[in-house]
Structures are given as C-alpha cells and as structure tokens.
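S.K.:
Residue numbers (my numbering), protein chains in the order written: chain A, 328 to 812; chain B, 328 to 812.
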C-alpha cells in the first residue's frame, strides 16, 4: 500500500521543492504563519479517524495521542506566532556613518531561509516529530519548503497528516510543492534525499545510528549541508543525599512514573540514576523496584523497538557486576516488555563504557557511588546529554557546585528537582545537546528557536529602502525587535 | 627559531586549555570584557616594533598594517562591549505556569561557552584574523579558552601578539592557559589540534583546501565538532545597463581600486564581473584595463601566494575563449605580479566551471553576456559567495528582482552600488556564506554575532534564583535584553 519512492520520484520531489522555494522563500511572515495555522486546523479536522489509525499503527493509547495531537497543533500555532513576532530574524541595522574613516555604508542584516529541508519522521512521536511536527513547523516558519520522508512504522498516519497539509496549501492558494510527502522504508530513499543537490538542510529525531548515517551522507556531498539530528540520550539523574533522605519513597514514585511514561519511549527518559551509597539510597532503590513492578505498561511502538529493548537490556543485565532490582523480561510477550530497574557499582560502571549506552524503553540503571568524589568521576565520564537532573536541597546544591558544573558541561538542559520527561514547547527550551545527544549543540529542535536551524544571516549593504525586505525597512512596518547601531 | 609544536606539546596544550576552561567559562561578562580590552591595550603598547616585524614578514605596507592593528583593537573592544551588553546570550525566561495542564516549570535559557576553541591564524590578516584576531576575540567573549596555531608566514608577529595576550592575562590575574600559542608549519600540528578530544570548535580563515582539511578532520572525530572555516570566494559583481551607462569610467575606476586593494589579497576581492554586451560595457572593460595598467601594486604576502597567483591566473588565461584585457604576468618579479583583467563570453564561462575558481590576487574576469537571460544563467551557475554586488539604478533594481533573487540566494552579503572589499566590523555584518564560501552559512566571522559560533544554548529548569547565573536571575542584575514569556 505504501511503496517506497523511486530514485526518480525523489529527484523529482527535490527539484519541485527547489522551484517552490523560489516563491515560498519570498512569502511574508504573515503568510507563513497563516499557512501554519491552517495546517493545525486541518489536522484537527481529521478528528477521531486520525487517532484511530495512529492507535493501530503505533500501539499508543488514545489519551497520549490526543495530547500529542494538541502539542503538534500548539507547535504549529506558537511557531506561527513567533514567526510573525520576528525575534528569530535577528534583525540588525547599522546606519551609514559617512564621516567615519573609512566611511561606513548602511548595512542591515536578518535571517533568510536556507532552502528545501528534508525532514525524517520519527517513530516515537507520530505527530509531534513526524509529518507536520516540529521540524516541518520550523522549516515552514523559516521560509523553507519541506520534503518529508514518512516513518515506515506509521505510513497511514503520515499520509493523513500530509493530506491535511495539502488541504491547507489549497485553502491558502499556495503551491502543493511547498510540502512534499514521500515514503521510504529503504535507506536508499533517505540517502538520495540527503544527497540531492537541492537539499539544503536536514531535520531528524531518532536513533544514534540513523542520525549518524544522515550526518555522514550530508558531509559526503560536494556541498555539505547542516544536519540537526536529535539522537537521544540516557539523561542521567544525580541524587544528592540530603534531598534523597528527605523522601526516598516520593522520589522513587516520581521516577517510576517518569521511567515508565509512554513505555519509556521518550528521548528524555531517565536511563541512569546516580547516588551515593546510604540507607536512603538503598531505600530508594528498593522503593523504585517495587513501584516499577506495580506498573503495567502498554505495548511498545513496534516489534523492532521491542526487540531492540529486550536485546539492549539483556546486554546490560549480562554484565557480571549488574544486579536486577525489579522485574524480568517477559519472553512470552515481547511487545509489552516489563519495566526493568538494575543497579551497578560506580567502579564497575566506570570500567565498562557500554553500560552508558541508551536502552530505549522503560529501563533504568542505578549507579551506586561510594563517595562524592566517585559521583564526580561518573559525572565527568558521561557523554553529551539532552538533559541531566540534579536532586538536591538548595543548600546542598550551593555546596556542590563542582559536581553541578561537571553535569552542566555535558547537557543541553539541566533540571533541578524534577524529571526530564515532559519537554515544554516554549522560548526557553533547549532540546539538543553536546554530541552524541545531537549533531550540533548550538541548536534546539523544540521551541521557536528551532526555526533558526533552517535560516542563515544575510546582510544588505547600501540598499535603498524600496528594495529592502519589509523586516529591514527604516520605518519598521512589521514592528519587529531590531538592534539598531 | 620557530619550531613546530610536537604532538606531546599539542596534547599538553589542549589538556591545559581544557582545565583552564573550567574556570574561565565561569568568568563574568565583565571579566571577559576587561581581559579583551587589556589585550587591545597590550597590542597597542607593542608600538612600532610590531609594525616593523610584520612589514618584514608580510610585505604589507605600514599604513595598511597600522589600519589593521586599529581594526584588531576595535574588534577586541567592540566585542567586549557586545559581550557585556549580552544580546548574544539570547536569554529567554519562561516562568512557571502551575495551572497549565500539565504544569509548566520555570525554564530559563542562555548561551554558554562550547569549550576550548582551536584558532588557525590566517596569512592575509596578520593581526585581524590571526593570533588576537576575530576568532580569538569571539571565543574569549563566549567564555571559551583558545589554542592558536600561528600562521607560519608570520611567526614573529604572532609570537609578539601572543606575548601581549600573556601580559594582559598577567595584569588580569588570570590563568596563562586561557590562551595558548603554538607554531606549526606542518599539517600534523593542525590535525592533532582539531582531533584532540578537548577541542570543542575550530575557527579558520584561509583557502578552500585548508578549510576542508579541518572540516574533514573535525567530522572524523568520535565526537564531531563545529568548524567555522571562511574559505573565500570570487564575489561576483553584476553590472546592469542603465547604471553602467551612466558612468562607465567612474565605475571602472572604483573597481580597479577594489581589485588592486592590498594586492588583491582579500577574501572579498571582486574576482568576476558580469555585464551585458553594449557600448557601455565595452567602454567599461577598456577603462578598467587602462586603470589597472596604471596601478603599481606591492609585493604579495609571500612567495607561495605569488606563485599560486601566477599559476592560477595562467590556468584561466590559457582557456582559448579567455582574452587578456590588460597587463601581463611579469615573470621577472613574481613577488609583485601585475594586476590582470581578462574577459570571456558567458557561453564559454558557463561551459567551463574552472573559470569560476578564485584567483587569489589582483585578478578579475569580465563575463560578457548577450542578454539578461544569459546573465540570469550566470547568476544561477555561481557557487556560494561571501558577497555579491549589484550595480543598478533603483528603477533597474526594481525591474530586475528575478536576477537579484538569484544572486541573493548564493551569498552572505549583497551590496548595492558599492564594492565588496571593506568588511565593516558591526552588528549587521555577515561575513560567511553558502558553501564553499564557508563551511556553515548560519554563522559569521565578523561582527559581534561571531561570538555565537562558539556558544550553545542551555536551559535551566526549576532552578532556584540563588543557583542561576546572574544573566538569568529574576531581578536581571546585569540589565541585559531578555525575552520573557
């Protein structure tokens, strides 16, 4: 039913996208925002039919999908608002200084769109990071056309959402080539898209292996292009003693909920928890195991993800130094793997780098340190992360800045006394982080700043006002924030 | 006298830089700004002795070097001002919304430094893009430590400037490891620096070959790191008829000066000029040839650059379709090659991609089109550029938006009725452009926005005010611009 695009279809899509870019890149901020709002409206209009299809394709429950649909619409409309507000344009005006030696001409700068963006749908967010998800919304706001490769795990969902975008383009009387939808279970489709000369940037959320393949293809091109690949992480949680002692059961409950949320299929799932050995830590571990045993999780997204979960968890559990705290793999029902809590000494953890690897699913490894020094060593040994969390009283945090600095150096978002799951769509969100969490720590894929991934600054020197884009005209007709020098 | 750093010295430098980063990354904006101003003061204190050494090492004349020294000091002090002003931090505050479902925690974001930055000194800007140049100033402002590899063409100049930085660090009572200076004529030194795990970003201004070597090394690492390589371009100039007819001699004079400025050794040198065949264009070509013949240029930076100029110009002049308009290569004095103007038909230009290549030096190729359509084809065929220039009356520009759009799509800075040489150090400057002008069109190496190359956004979630950096505290003690949501 959903056959892969041929190489000819990929080439044709990229060429059409390049042609549509000539016009769409000139659209006003208001036109882009209207298109994005129209897409949100059309997605809503798909109603329960969309939810039903996605439930069947992803095993995700109705409430989660309705929430994610709302989030997807919010992304579209809030990025539309941000697009119109124009802070992302980084508009700067340096007026002429004829008396300076040498004379300074009038120079004005703003961000302009990069060109056609190739977006890869993710499996774990069938709406919010797929067809009309955050990457597509960012690209459209930037003034870029989009070619989406649907995730093969939910092709029907993707086709329905693509249909909604097509309707919105019709309503807006805009070219259908502004958004092109392709299927591609084969890697050849992705490779052809990324390597096509019309492609100017890539957006991706998924596995390390997948993201790195795109990154390598992009850098093998005659003209390398930016790839923003968000490749997940283990999101370490550091438990400081005073805070932990105050409520080990409450913290265990909070973490059991976070680890099992969405069957652990979030890139911000807390996969490693680090504490210093004490009665409180032992109580926490025991509570966490009990809470997790009591949680019934749903099916995973698809058999491939369930198989990978079982296999990766088994690899970690096979280590001689790792102990299972709770649960066991339910071999009879691999689509509904049990949540797993395990523990290991910091010494063994530091000696076995493979224990730092992400197990995508409801799995968490507690690392037991024998001192604050050992906790620092673990913090220093962590790879780049999307998030890291510190559980500490305020006094404890103020007394442990050294460990907090080590943790902060390795992550895009640092959380105090909370859980990493739950990624707010807002201006202050950084979703991305030092490699391998993402391919470029200087960008985010969540929040309106995500638009900047797909735009580049351009200076206009000695331009008469009539020729300048509205964003840079002297009278500031769009009323946007600009730095004037 | 200036021997290459050994691999052990490179490793040691990077490790020391990594250690110093732990402290320097925590310095206040004011401390960084004070350091940068102190460096400018120490460079000035080197006085004429510095100018004399650089004249000997680079063949550049006194007036040019004094101007460049002033520009270098201005970069340091104006980026220091920008560092303190804090716009580059992109601070955003999203306060908690406890009544939202799910509740939104307090989230605040700002840019934080990437880590130790490796800076490669350029040959053509011995001050402004070398040891204490724009890359070093950007990195220090961002809160990054710096390891500079001196350009082997001016090692004594580089050592003197490094000495000035060392003095400034002493005055400021800061670690000497914040800035480390190494020599390396061998590529092995550069490769070891870029591939060292402590290196977190690279800044470079120079040739395509050099920039791409760094880019590849950076992407071969286990942890790829961002490289900003500004690799030059041919900076095409498009002459529209009405404007050209109004003053062919004046425009020719303006361009003869721009092409020969600094013996053509600027990355913004106008290397290709495109016009539509007419009496005015023929008059322009003839005037340009005459003006160039009358110009006496100085020696080039070093023998290698002079040899490359002669060889690259000869390669272009050997094309059967290319005619020499003015001058000839003076084989007797290769260090002072003559300026060269040549011309070619657009048909031949479009058929021979090698004619698009940069000839670093006082060389320009006039491309003669037989129609506006052919000019569009030439515009579409251009590679990515640092700058492109349009010479047009306002009416002509308004009537030719199609060609201007084609030109704009390929460049970082578009100039109306001016010359591309002369890169203002200001907020609105974009110095960078679509590949191959630079490795990432989303960043600039000139102007305070250059700081952003070496910083990454970081979110602080649910942080008590006492633990937040001053930049994000609720009372805004640093009085910086922040987006509040």
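Built from N, CA and C at the ideal position, the CB exists for glycine as well.
#1: Specify the secondary structure class of residue 658(A) as computed by DSSP and reduced to three states.
#2: What separation, rounded to the nearest whole angstrom, lies between the Cα atoms of residue 682(A) and residue 699(A)?
#3: Nearest-angstrom Cα distance between residue 401(B) and residue 407(A)?
#4: Can residue 412(A) and residue 731(A) be called in contact, C-beta distance under 8 Å?
#5: On the DSSP bridge list, what partners appear for residue 440(B)?
#6: Could you check whether the segment 714 to 723 of chain B touches the segment 556 to 566 of chain B, counting it as contact only if at least three pairs of C-beta atoms, one from each stretch, sit closer than 8 Å?
#7: Let's see if you can read the secondary structure: which residues bound the beta strand (DSSP E) around residue 713(B)?
#8: Can you tell which of 439(B), 577(B), 363(B) and 371(B) has its C-alpha closest to the C-alpha of residue 393(B)?
#9: Could you name the residues of the segment 406 to 421 of chain B whose beta carbon sits closer than 8 Å to any beta carbon of chain A, in the order they occur along the chain?
#10: Would residue 757(A) pass as an interface residue toward chain C - the criterion being a Cβ-Cβ separation below 8 Å?
#11: Determine, using beta-carbon pairs with one atom in the segment 438 to 447 of chain B and one in the segment 575 to 590 of chain B, whether at least three such pairs fall under 8 Å.
#12: Find the residues of chain A that neighbour residue 507(B), judging by a C-beta separation of less than 7 Å, and give them in chain order.
#13: Going by the CB atoms, is the gap between residue 586(B) and residue 689(B) shorter than 8 Å?
#14: Report the residue ranges of all alpha helix (DSSP H) runs contained in full by the segment 352 to 381 of chain B; include only those spanning at least 4 residues, in chain order.
#15: Do residue 802(B) and residue 418(B) have their beta-carbon atoms positioned less than 8 Å apart in this structure?
#16: Which residue or residues does DSSP assign as beta-bridge partners of residue 626(A)?
#17: Taking all protein chains shown into account, do 16 or more other C-beta atoms lie within 10 angstroms of the C-beta of residue 727(B), making it buried, or fewer, making it exposed?
#18: Leaving out five residues before and five after residue 346(B) in sequence, what residues of the same chain have Cβ atoms less than 7 Å from its Cβ?
#19: Using a beta-carbon distance cut-off of less than 8 Å, what residues from the segment 784 to 804 of chain A approach chain B?
#20: Whose CA, out of 676(B), 532(B), 501(B) and 687(B), lies closest to the CA of residue 771(B)?
#21: Return the Cβ separation of residue 653(A) and residue 620(A) in integer angstroms, given the expectation that the two are a contact with Cβ distance under 8 Å.
#22: Per the DSSP calculation, residue 508(B) is bridged to which residue(s)?
#23: Is the CB of residue 599(B) under 8 Å away from at least one CB in chain A?
#24: Can you tell me which of the three DSSP states residue 532(A) falls into?
#25: Pick helix, strand or coil for residue 672(B), following the three-state DSSP scheme.
#26: Nearest chain A C-beta to residue 659(B) closer than 8 Å, yes or no?
#27: Between which two residues does the beta strand (DSSP E) harbouring residue 743(B) extend?
#28: Please determine, among 409(A), 745(A) and 606(A), the residue with the shortest C-alpha to C-alpha distance to residue 773(A).
#29: Shortest alpha-carbon distance to residue 691(B) belongs to which of 376(B), 374(B), 639(B) and 736(B)?
#30: Near residue 366(B), which residues of its chain fall below 7 Å by C-beta distance, leaving aside the five closest residues on each side in sequence?
#31: My guess is that residue 786(A) and residue 756(B) are in contact by the Cβ rule of under 8 Å, so how many angstroms apart are they, rounded?
#32: In or out: residue 725(A) buried (at least 16 other Cβ within 10 Å) or exposed?
#33: With H, G and I counted as helix, E and B as strand and the rest as coil, what does DSSP make of residue 450(A)?
#34: Taking only the alpha-carbon atoms, compute the straight-line gap between residue 793(A) and residue 720(B) and give it to the nearest angstrom.
#35: Since residue 431(B) meets chain A, which of its residues come closer than 8 Å, beta carbon to beta carbon?
#36: According to the Cβ coordinates, are residue 382(A) and residue 525(A) closer than 8 Å?
M.R.: Here's the rundown:
#1: Its pLDDT being 45, under 50, residue 658(A) is placed unreliably in this model, and the value from its coordinates should be taken loosely. In the three-state reduction of the DSSP assignment, residue 658(A) falls in the coil class, being assigned neither a helical nor a strand state.
#2: Distance from the CA of residue 682(A) to the CA of residue 699(A), rounded to the nearest whole angstrom, comes to 20 Å.
#3: Using only the alpha carbons, I get a separation of about 39 Å.
#4: No, Cβ-Cβ distance for residue 412(A) and residue 731(A) is not below 8 Å.
#5: As DSSP reads the structure, residue 440(B) sits in a beta bridge with 782(B).
#6: Note that the segment 714 to 723 of chain B touches the segment 556 to 566 of chain B; at least 3 beta-carbon pairs, one per stretch, sit closer than 8 Å.
#7: Start and end: 712 to 718.
#8: If you compare the alpha carbons of 439(B), 577(B), 363(B) and 371(B) with that of residue 393(B), the shortest gap goes to 371(B).
#9: Taking a C-beta cut-off of 8 Å against chain A, the contacting residues of the segment 406 to 421 of chain B are 414, 417, 419, 420 and 421, listed in chain order.
#10: Absence of chain C from the displayed structure is noted, the protein chains being A and B.
#11: Cβ pair count under 8 Å is below three, so no.
#12: Within chain A, no residue comes near residue 507(B); the closest Cβ sits about 20 Å away, beyond 7 Å.
#13: Between residue 689(B) and residue 586(B), the CB-CB gap stays under 8 Å.
#14: Fully enclosed alpha helix (DSSP H) runs of 4 or longer: 356 to 372.
#15: Against a cut-off of 8 Å, the Cβ pair of residue 802(B) and residue 418(B) comes out as no contact.
#16: BP columns for residue 626(A) are empty, so no partner.
#17: Within 10 angstroms of the beta-carbon of residue 727(B) lie 16 or more other beta-carbons, which makes it buried.
#18: Within the same chain, and ignoring the five residues on either side of residue 346(B) in sequence, the residues whose Cβ sits closer than 7 Å to its Cβ are 504.
#19: Those residues of the segment 784 to 804 of chain A that come within reach of chain B (Cβ to Cβ, closer than 8 Å) are 784, 785, 786, 787, 788, 789, 790, 791, 793 and 794.
#20: Closest option to residue 771(B), judged by alpha-carbon separation, among 676(B), 532(B), 501(B) and 687(B): 532(B).
#21: Correct: roughly 5 Å between the Cβ atoms.
#22: Per DSSP, the beta-bridge partners of residue 508(B) are 475(B).
#23: Answer no: the Cβ-Cβ gap between residue 599(B) and chain A never drops below 8 Å.
#24: Here residue 532(A) sits in strand by DSSP.
#25: Strand, per DSSP.
#26: Annotation note: pLDDT 46 at residue 659(B) (below 50); position unreliable, coordinate value reported separately. No, residue 659(B) does not count as interfacial toward chain A.
#27: Taken as a continuous stretch (DSSP letters only), the beta strand (DSSP E) holding residue 743(B) covers 738 to 743.
#28: Of the candidates 409(A), 745(A) and 606(A), the one whose C-alpha sits nearest the C-alpha of residue 773(A) is 409(A).
#29: Taking the Cα of residue 691(B) as reference, the smallest distance to any Cα among 376(B), 374(B), 639(B) and 736(B) is reached at 639(B).
#30: Same-chain partners within the cutoff: 403, 459, 491, 492 and 495.
#31: Rounded to whole angstroms, the Cβ separation of residue 786(A) and residue 756(B) is 6 Å, and the two are in contact under 8 Å.
#32: Exposed is the call here.
#33: Shown here, residue 450(A) sits in coil according to DSSP, grouped into three states, outside any helix or strand.
#34: Each residue's CA atom was taken as its position, placing residue 793(A) and residue 720(B) some 12 Å apart.
#35: Neighbours of residue 431(B) on chain A, chain order: 751 and 753.
#36: No Cβ-Cβ contact shorter than 8 Å links residue 382(A) with residue 525(A).
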